[in-house]
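What follows is one structure encoded as structure tokens, with my remarks underneath.
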Amino acid sequence: MARELIRLADVSKNYRKGRELVRVLDGISLAIEEGDFVGLMGPSGSGKTTLLNLLGGLDKPTKGDVEVDGRNISRLSTGALAKWRASNIGFIFQFYNLLPVLTAARNVGLPLLLTSLSASQRRKHVNTALQLVGLADRAKHYPRELSGGQEQRVAIARAIVSDPPILLCDEPTGDLDRATADEIMSLLQRLNRDYGKTIVMVTHDPRAASFAHRVLHLDKGELGAAPEEIH
Amino acid sequence: MNRFTLIWRNLWRKPIRTVFTMLAVLVVFFLFTLLEGLRIAFSLSDVGAAAQERLLTSHKVSLIMMLPIAYESRIARLSGIEAVSHGTWFGARYQDNPEFAQYPVEAEQYLALNPEIKLDEGQKQAWLGNRMGAIVGRPVANQYGWQLGDRVPLRSSIWTRNNGSNVWEFDIEGIFDDTDAGMNAGVVLFHYDYFDEARAFGKGTIGWYVTKGDGSMPIEDVMASIDAEFENSPAETKTKTEAAFAQEYAKQFGNIGLIVTLILSAVVFMILLVTGHTMAQSVRERIHEMGVLKTLGFTSGSIFRLTVLEGLLLVLPVGILAMLLGWGALTVVAGTMGAMFPAGLQIGAFSITLGLALMLAISLGAVLPPVIRALRLDIVALLRTT
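First to last, the sequence lines map onto chains A and B.
Under this note's numbering, the first residue of the first sequence is numbered 6, with each subsequent residue one higher.
Under this note's numbering, the first residue of the second sequence is numbered 262, with each subsequent residue one higher.
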């Protein structure tokens, strides 16, 4: 049995919008095992991205604890969280979020600037990541010279280049056509299956969700009663 | 890739904008250097210590009114006086060039009173032995291409000769350097005896006396005693330190220092606004990317440093290049128009420091407000921006 990697205990997140208190997440408890591939679905505004942000240490819960690999990240300082993110989390966004002024290789190499690797080691890691996503021949291309699917693959290479155990994906296929979306999902599936990455993916697309081991439904800040097991 | 690559690539995100910003910086610091050179040249504020000790005695009413040569011995007899000499404004030009400074002087006394005039001993002896001889400051010799032994004609706008001509000829016997780059740097000095004998009017008069105290009494008391000596005479006197005199002389050009400073401030302020706006716009365009970098694990501190370094990289190298170009231009102008700028055209440590401080102010003033504002937002808010 795989060990528990992520645990949310009674997590709530509120925002204040003027005088109004908006409850985005309300008492969420959740456990995700190492090597799991979890899909998060739900209507817009249900709190999916907020939950993902809490898992990735981009935001802090109003109440409750987020533990990753036994460490309560809700209690970490901003600086410690940044350092923790650099070595534990790979983010994949809907709109890729590549830096337009950098080539694909340099975009992929960005997280490695935060490590103590030498320049040649960084180059080696970047090449490996680009080969893994099948874009070694596009290393010197700028994002504007790539298709949407290629940009997302560069973003995935950037997410895995420092070999983090967890990948958090926010609508990774939301901006892609069906065939390209399938390619991206297959790539994520391979990263999960062959490289043991634990993946949590927010998606609206049932087809993308079908690649996950299990799907959780969020609605009005609460997890749905009976998550549907896909595989 | 390293962090410098990231800074460099961000700097050239919009090449045309970067080039125009750099051109603006280049222009402002080139102008800054030229204007600083002019300000220093006109202010004569850097006259040396000797000028603080020497006294200039002129007619109380105006410098253009003459004093009797007989005053020399009376000043010399006053207590607290070590040496006296004199000078007179000759007001001549060479060919069609602008008028510049020439003084008929008593050679040995004048040189003794002005130790900053560095003249080769052989040239000095040659000058002393030639009644038509003259010595010239190096800037003047360079501008007009005068060599030792040349005979040069100068056309005075004031003094006519006994024969009715206002063209005076001099033999160049010496070329001197002025180590203080003060009032003597760009002048022609020639013999008073030759001048007094040959002039058609005003014989036995001089323009001003130069005096040095012997240190036995305060310089203010020496000044007061000279003026008291000639009180109620037909030609009352006004005595000041040479440094104060130089400042008042400079004021004849209007308060050029103030005007230059005001123009300079306006130009620098305008460029600051333009550069600041451009840099701020560049940072605003990247707020979303700052969110991405923070997501990847970059701290606010490291993003702050990257952005500040980018601002410095945009301004500092170009600003320093502009000041070097400005310094080169000043050197060229001083070489060709040395007689107009007797104190030389140059910038000193103060101007360089001021220039660098302005570069830092422009860089940091432009970058800090937007980047601090951006980094105060949390990552989620940064990522929400488009």
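Glycine included, every Cβ here is placed at the ideal spot set by N, Cα and C.
When the Cα of residue i is compared with those of the options, which residue comes out closest?
i                : options                                : result
GLY435 (chain B) : B:ILE396, B:GLU458, B:LYS464           : B:ILE396
ASP475 (chain B) : B:ARG338, B:ASP357, B:GLY348           : B:ARG338
SER561 (chain B) : A:SER92, A:VAL113, A:LYS88             : A:LYS88
PHE98 (chain A)  : B:LEU567, B:HIS549, B:ILE613, B:LEU372 : B:HIS549
PRO578 (chain B) : B:SER494, B:LEU621, B:HIS347           : B:LEU621
MET46 (chain A)  : A:PRO177, A:VAL166, A:GLY62            : A:PRO177
PHE506 (chain B) : B:ASP482, B:TYR470, B:ARG392, B:PHE530 : B:TYR470
ILE33 (chain A)  : A:ARG24, A:PRO48, A:ASP175, A:LYS53    : A:LYS53
LEU239 (chain A) : A:GLU72, A:LEU140, A:GLY50             : Since the first residue shown for chain A is 6 and the last is 236, residue 239 (chain A) is missing from the structure and cannot be characterised.
ASP457 (chain B) : B:GLY589, B:HIS538, B:GLU367, B:ASN445 : B:GLU367
VAL311 (chain A) : A:LYS68, A:ARG21, A:LEU122, A:SER191   : There is no way to answer for residue 311 (chain A), as the model of chain A reaches only from 6 to 236.
LEU173 (chain A) : A:ARG158, A:ARG80, A:ASN58             : A:ASN58
ARG547 (chain B) : B:THR498, B:SER346, B:ARG634           : B:ARG634
ALA594 (chain B) : B:PRO400, B:VAL280, B:MET262           : It is Val, not Ala, that sits at residue 594 (chain B) in the sequence shown. When only C-alpha atoms are compared, the closest one is B:PRO400.
VAL544 (chain B) : B:THR647, B:LYS464, B:LYS321           : B:THR647
TYR332 (chain B) : B:GLU492, B:LEU374, B:ALA642           : B:GLU492
ILE78 (chain A)  : A:LYS225, A:GLU188, A:LEU10            : A:LEU10
GLN194 (chain A) : A:ASN19, A:ASP180, A:ASP182, A:ARG219  : A:ARG219
GLY75 (chain A)  : A:ARG158, A:ASN93, A:ASP142            : A:ASN93
LEU450 (chain B) : B:GLY465, B:GLN384, B:ALA485, B:VAL528 : B:GLN384
VAL322 (chain B) : B:GLN607, B:GLN542, B:SER494           : B:SER494
GLU39 (chain A)  : A:GLU150, A:PRO169, A:VAL106           : A:PRO169
ILE378 (chain B) : B:ALA446, B:LEU284, B:SER477           : B:ALA446
ASN423 (chain B) : B:ARG460, B:SER477, B:ALA489           : B:ARG460
TYR405 (chain B) : B:THR421, B:MET484, B:GLU360           : B:GLU360
PHE265 (chain B) : A:ARG111, A:ARG149, A:GLU227           : A:ARG111
HIS146 (chain A) : A:LEU196, A:VAL113, A:ILE37            : A:VAL113
LEU251 (chain B) : B:VAL280, B:LEU296, B:THR498, B:SER563 : Absent from the model: residue 251 (chain B). The displayed extent of chain B is 262 to 647, so no value can be given.
ASN427 (chain B) : B:ASP454, B:ASP438, B:PHE462, B:ASN403 : B:PHE462
GLY62 (chain A)  : A:PHE96, A:PHE42, A:VAL29, A:SER51     : A:PHE96
PHE293 (chain B) : B:ILE640, B:LEU523, B:LEU554, B:GLN386 : B:LEU523
Identify whether residue i lies in helix, strand or coil by the three-state DSSP scheme.
i                : result
PHE290 (chain B) : helix
MET327 (chain B) : coil
ASN429 (chain B) : In the sequence as presented, Asn is not what sits at residue 429 (chain B); that position holds Trp. Correct three-state label for TRP429 (chain B): strand.
PHE559 (chain B) : coil
THR46 (chain A)  : It should be pointed out that residue 46 (chain A) corresponds to Met in this sequence rather than to Thr. Residue state, collapsed to three classes: strand.
SER191 (chain A) : helix
SER152 (chain A) : coil
THR522 (chain B) : helix
ALA496 (chain B) : coil
GLY589 (chain B) : helix
TYR470 (chain B) : strand
ASN403 (chain B) : helix
SER306 (chain B) : Its pLDDT being 48, under 50, SER306 (chain B) is placed unreliably by the model, and nothing is read from it.
ASN263 (chain B) : coil
PHE437 (chain B) : strand
ARG460 (chain B) : strand
LYS53 (chain A)  : helix
ARG36 (chain A)  : As written in the sequence, residue 36 (chain A) is Ala, which differs from the Arg given in the question. Note: ALA36 (chain A) maps to strand in three-state DSSP.
THR502 (chain B) : strand
Tell me, to the nearest whole angstrom, how far the beta carbon of residue i is from that of residue j; I am working on the premise that it is less than 8 Å.
i                : j                : result
THR568 (chain B) : VAL632 (chain B) : 5 Å
GLY153 (chain A) : THR108 (chain A) : Not confirmed; about 17 Å, so no contact.
ASP31 (chain A)  : SER17 (chain A)  : 5 Å
LEU575 (chain B) : THR282 (chain B) : 6 Å
MET190 (chain A) : GLY44 (chain A)  : Not quite, the Cβ-Cβ distance comes to about 10 Å (not below 8 Å), so this is no contact.
LEU328 (chain B) : ILE467 (chain B) : 6 Å
LYS501 (chain B) : LEU317 (chain B) : 6 Å
LEU272 (chain B) : GLU481 (chain B) : Not confirmed; about 58 Å, so no contact.
THR203 (chain A) : ILE161 (chain A) : THR203 (chain A) to ILE161 (chain A), Cβ: 15 Å. No contact.
LYS65 (chain A)  : ASP15 (chain A)  : About 14 Å; that fails the 8 Å criterion.
THR421 (chain B) : ILE336 (chain B) : The pair is not a contact, with the Cβ atoms about 29 Å apart (cut-off 8 Å).
ALA618 (chain B) : VAL286 (chain B) : Not quite, the Cβ-Cβ distance comes to about 14 Å (not below 8 Å), so this is no contact.
TYR455 (chain B) : MET531 (chain B) : The pair is not a contact, with the Cβ atoms about 54 Å apart (cut-off 8 Å).
ARG127 (chain A) : LEU119 (chain A) : In fact, because the Cβ distance is near 11 Å, the residues do not count as touching under 8 Å.
Sufficient close CB pairs (3 or more, under 8 Å) joining the segment 412-425 of chain B to the segment 351-360 of chain B: yes
May I ask you to verify whether the segment 399-412 of chain B touches the segment 333-349 of chain B, counting CB pairs closer than 8 Å and requiring at least 3? no
Within the segment 309-389 of chain B, note down every full beta strand (DSSP E) run reaching 3 residues or more, in order along the chain. 315-320, 342-348, 363-366
Given 8 Å, three or more beta-carbon pairs between the segment 536-543 of chain B and the segment 211-228 of chain A: The segment 536-543 of chain B makes no contact with the segment 211-228 of chain A, as fewer than three CB pairs between them are under 8 Å.
Beta carbons nearer than 9 Å to chain C: which residues of the segment 551-585 of chain B have them? Among the chains of the structure shown, chain C does not appear; the protein chains present are A and B.
If we count Cβ pairs, one from each stretch, closer than 8 Å, do we get three or more for the segment 295-302 of chain B versus the segment 605-613 of chain B? By the Cβ test, the segment 295-302 of chain B is in contact with the segment 605-613 of chain B, since at least three Cβ pairs between them sit closer than 8 Å.
For the segment 85-127 of chain A, list the alpha helix (DSSP H) runs that are entirely contained and at least 4 residues long, ordered along the chain. 109-114
Any chance you could list the alpha helix (DSSP H) runs of at least 4 consecutive residues sitting entirely within the segment 165-211 of chain A, in chain order? 183-200
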